[in-house]
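Structure, as structure tokens:
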Amino acid sequence: MRPWGSVLLCLLVFACGEKRERHLERFQGRGALTQEKLEPLDAFALPENPAVADRVFLMSQAEVARRLGAHRSQAEMRYQMAGQEERLALAETDTIVTAQNGDFRIKVENDASGGYEAVFSGGRFYVKNLWGPFHERDTLLGAPDQFREQAFGAVASLYRLYRGRWRFQKLGLMRHHGRDAAKFAVTLAPGEPRLPGTVPPPPAPAGVKKYVYPVEAPPADEERFRDRLNPRDLRGTVSVDTESGALLAADLAGSLQVDEPDGGTIALEVSLRFLADGFGNPPLVPPPPASEVKPIPQRDTLNNRVLDFYFGKGFTSTLGPPAGVTAPLTNPNP
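So for the sequence shown, our numbering puts the first residue at 3; every next one is plus one.
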């Protein structure tokens with residue numbers, strides 16, 4: 003019986019190891035390019051089938067990587083808003099390089115000197131702002147996928163902004179960096195919005211309060227500015243891969259408008275250029291140099307034992323660690 007017990011123990015250890023690997027792949031994003039290819043989408047059905055259009059233009063970057071393999075994608079988005087007295091403009095460029103082994107590198111930058119870089123290499127994840135060093139981040143909560151999907155959201159954001167009101171006219175077939183693509187002209191579709199508006203946050207349970215004030219909706223949820231946008235114009239072209247149904251290129255521009263209660267209007271001009279290229283490369287993404295990686299600095303803590311004078315000795319120990327401190331403090335109040 004002892005040999006059979008040893009065999010059973012080995013099988014249990016092996017099963018636990020496989021389960022752990024699948025768990026890590028789910029949260030770390032590893033193995034995305036080695037999975038079976040998805041069923042191709044019919045790119046030629048865009049003019050007649052809105053469901054296909056929703057699949058193509060709301061597709062996640064993880065699905066695009068499975069359909070196209072290793073490649074580079076870059077989106078240049080520009081917003082310009084003008085009201086009666088104020089004007090606001092922002093331009094942003096998002097670049098994602100996906101390697102053959104599932105690693106990726108992200109760079110997001112805008113003309114307001116903001117942005118960040120992120121590298122997922124060998125199961126480890128590093129993030130930096132444009133002017134600082136890299137810091138290694140935990141991967142078990144899905145941070146790599148969150149950063150990647152956020153950087154890839156330009157096309158989906160514009161599609162949702164128009165609530166799916168895109169009309170397509172076939173222009174023909176073309177070659178795009180070695181791949182066959184179907185090219186379409188895009189204009190504003192008539193009728194009512196097809197896609198739902200912004201999903202409202204779940205209501206707070208009765209009687210629940212935040213701090214000493216009732217839970218209130220933020221101004222963005224009350225205004226629902228994006229839901230009140232009325233599309234006025236849309237023009238441009240898109241190219242869709244005929245083999246996989248993934249978006250390969252887009253060059254779009256349009257305008258939207260919001261009517262204010264006081265009789266004024268707010269105009270929003272948008273433009274988007276999207277390009278996917280470099281198919282099949284690179285084989286991997288190297289991690290940042292060790293000299294550019296720094297540990298996350300610990301937050302300074304203050305001596306709050308002065309509160310014991312007012313609330314009694316030992317009161318401070320009931321407050322727990324200061325906000326934002328995750329590591330246990332050996333001596334929080336020297």
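Note that CB positions come from ideal geometry on N, CA and C, so glycine has one too.
Return yes when the Cβ of residue j is within less than 9 angstroms of the Cβ of residue i, no when it is not.
i    : j    : result
G166 : R196 : yes
A2   : G174 : As displayed, the chain neither begins before 3 nor continues past 336, which places residue 2 out of reach and without an answer.
F281 : E78  : no
L92  : A120 : no
V157 : L249 : yes
E271 : R150 : no
Beta-carbon within less than 8 angstroms of residue i's beta-carbon, same chain only, minus the 5 sequence neighbours each way: which residues are those?
i    : result
F170 : L48, P49, A55, F186, A187, V188 and V240
G180 : F281
N51  : D44
Spatial neighbours of residue i within its chain, please: C-beta separation below 7 angstroms, excluding the five flanking residues on both sides.
i    : result
A101 : A72, P284, P285, L286 and V287
R230 : V260
P42  : E245, S246 and G247
I298 : H137
Y164 : P233 and L236
R1   : The requested residue 1 is not part of the displayed model; the chain covers only 3 to 336.
A208 : none
Whose C-alpha, out of the options, is nearest the C-alpha of residue i?
i    : options                   : result
D182 : F59, L40 and F46          : F46
S273 : G238, F127 and E87        : G238
D279 : L60, S75 and A64          : S75
V99  : V110, G266 and R89        : V110
Q152 : L254, T97 and L190        : T97
R68  : L250, T141, D140 and G104 : G104
R126 : G144, R89, L250 and R80   : G144
F106 : G266, Y81 and Q148        : Q148
A251 : N112, G116, M176 and N51  : M176
E265 : T95, Y81 and G85          : It is Gly, not Glu, that sits at residue 265 in the sequence shown. The shortest Cα separation from G265 among T95, Y81 and G85 belongs to G85.
G124 : P290, A219 and K296       : P290
T267 : F59, E65, M83 and Q300    : M83
L160 : L254, A208, V201 and E262 : L254
A269 : F227, A292 and D243       : F227
K296 : E262, V242 and Y128       : Y128
K172 : E194, M61, V242 and A292  : V242
P192 : E262, P204, A208 and W168 : W168
L258 : L60, A292 and L190        : L190
Could you please give me the residues that DSSP links to residue i through a beta bridge?
i    : result
R89  : A84
A269 : A84 and Q259
V240 : F186 and A252
A156 : Paired residue(s): none; A156 is not in a bridge.
W168 : L190
S75  : I98 and A278
N112 : E94
F136 : V295
G117 : E111
F127 : F122 and R139
N232 : Q259
L40  : DSSP output for L40 lists no bridge partner at all.
H178 : R181
F106 : T100 and F122
Let me know if residue i comes out buried or exposed under the rule of 16 or more other beta-carbons within 10 Å of its beta-carbon.
i    : result
I108 : buried
E87  : exposed
W133 : exposed
H178 : buried
A325 : Here the model assigns A325 a pLDDT of 46, short of 50, so the residue's position is not dependable, and the following value carries that caveat. Exposed.
Q63  : buried
G256 : buried
P146 : buried
E294 : exposed
L90  : exposed
G117 : buried
L142 : exposed
D140 : exposed
A53  : exposed
V58  : buried
L40  : exposed
V201 : exposed
Among the residues of its own chain, which have a CB less than 6 angstroms from the CB of residue i, if the five just before and after it don't count?
i    : result
A219 : none
F122 : D105, F106 and P146
K130 : E119 and F136
E94  : M79 and N112
V66  : A248
L60  : A158
E262 : none
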